[in-house]
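A short write-up of the structure that comes next.
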Amino acid sequence: MSTLLAGIDFEAPSDEVARLLIGVTVLVDGVGGRIVETEAYDREDPASHAFSGPTARNASMFGPPAHTYVYRSYGIHWCLNFVCREAGHGAGVLIRAIEPLVGLDVMRARRGLEAATLLGSGPGRLCQALAITREHNAMSLAAPPFELVAREGDVDIVAGPRIGITKAMDVPWRFGLRGSPHLSKPFKVTKPA
DNA sequence: CATAGGATTCCCT
DNA sequence: GGGAATCCTATGA
């Protein structure tokens with residue numbers, strides 16, 4: 000069994016999907032850009048929302064793969080995840096940063112004048128730029144308003160520890176496009192992942 | 001450039 | 001009641 004989308008099998012382990020997503024273009028209502036930073040979370044992962052089993056908040060993480068899991072962060076921001084593994088497993092990939100490509104003016108307007116340059120460099124920022132809210136939770140990535148475009152050619156990927164967590168801080172499940180100016184934070188490692 | 005503190009909602013203990 | 005997969009602004013070096 001597999002759930003293929005943009006050349007990626009979303010039933011694969013989350014760290015593999017997180018790696019494959021680097022370079023993939025994501026559009027929401029025709030606005031978006033290229034994914035340059037992701038983080039993997041899994042069921043047996045103390046830093047994951049899925050660690051303590053299904054709850055009202057993380058229910059979609061236990062739903063079918065290649066669907067979204069959108070949650071409220073720090074009471075202010077929205078964060079976008081892509082569900083992976085088989086339905087019921089409870090794994091996902093946090094989309095942490097995109098390189099803005101399509102609909103720049105729309106994204107700038109959504110982000111506001113003060114921060115118009117940081118359109119997608121951070122999970123909260125990219126959700127604001129793409130107008131992601133709770134309404135986008137548990138939606139299929141294979142149907143509108145979502146659209147994934149497979150990456151072309153090879154990408155140079157770096158890995159490192161995940162950001163903003165207090166558990167399992169030694170697990171190197173943050174992935175990024177090497178040298179991208181659109182990363183939320185730089186990677187310390189400069190060798191191939 | 002680095003650090004610090006506040007904003008604000010929802011879930012879990 | 002506490003803490004969270006964050007972001008923005010202000011302040012001081």
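Per numbering that gives the first Met the number 0, the first sequence starts with residue 0, numbered consecutively. For glycine and all other residues, C-beta sits at the position ideal for the given N, C-alpha and C.
C-beta contact flag for residue i and residue j at 7 Å
{"i": "G6", "j": "A108", "result": "no"}
{"i": "T67", "j": "M168", "result": "no"}
{"i": "R18", "j": "F174", "result": "yes"}
{"i": "S87", "j": "N80", "result": "Residue identity check: residue 87 is Gly in the sequence provided, not Ser. Result no, Cβ atoms of G87 and N80 do not sit closer than 7 Å."}
{"i": "P64", "j": "V82", "result": "yes"}
{"i": "V105", "j": "G31", "result": "no"}
{"i": "T37", "j": "L20", "result": "yes"}
{"i": "P45", "j": "K166", "result": "yes"}
{"i": "A26", "j": "A141", "result": "The sequence given here places Leu at residue 26; Ala does not occur at that position. Cβ distance not < 7 Å, so L26 and A141 don't count as in contact."}
Alpha-carbon spacing of residue i relative to residue j, whole angstroms
{"i": "A39", "j": "F145", "result": "20 Å"}
{"i": "G163", "j": "D28", "result": "29 Å"}
{"i": "P122", "j": "M0", "result": "30 Å"}
{"i": "R124", "j": "Y70", "result": "14 Å"}
{"i": "V23", "j": "S51", "result": "30 Å"}
{"i": "F61", "j": "S120", "result": "27 Å"}
{"i": "R161", "j": "P171", "result": "7 Å"}
{"i": "P143", "j": "G152", "result": "26 Å"}
{"i": "F9", "j": "G89", "result": "12 Å"}
{"i": "R110", "j": "E85", "result": "35 Å"}
{"i": "I75", "j": "I156", "result": "30 Å"}
{"i": "P185", "j": "I97", "result": "14 Å"}
{"i": "L118", "j": "L93", "result": "17 Å"}
{"i": "Y73", "j": "S183", "result": "17 Å"}
{"i": "V34", "j": "L176", "result": "The amino acid occupying residue 34 in the given sequence is Ile; Val does not appear at that position. When rounded, the distance between both Cα atoms is 8 Å."}
{"i": "D14", "j": "L147", "result": "19 Å"}
{"i": "V16", "j": "S179", "result": "19 Å"}
Reduced DSSP category for residue i - H, G, I as helix; E, B as strand; rest coil
{"i": "K190", "result": "Low confidence applies to K190: its pLDDT is 46, below 50, so where it sits in the model is not reliable enough to give any reading."}
{"i": "F9", "result": "coil"}
{"i": "G123", "result": "helix"}
{"i": "E36", "result": "strand"}
{"i": "H66", "result": "strand"}
{"i": "V170", "result": "coil"}
{"i": "S51", "result": "coil"}
{"i": "R109", "result": "helix"}
{"i": "E134", "result": "helix"}
Beta-bridge pairing of residue i - partner residues as DSSP gives them
{"i": "H76", "result": "S72"}
{"i": "G159", "result": "R173"}
Pairs of beta-carbons, one from the segment 41 to 58 and one from the segment 122 to 133, closer than 8 Å: are there three or more?
no
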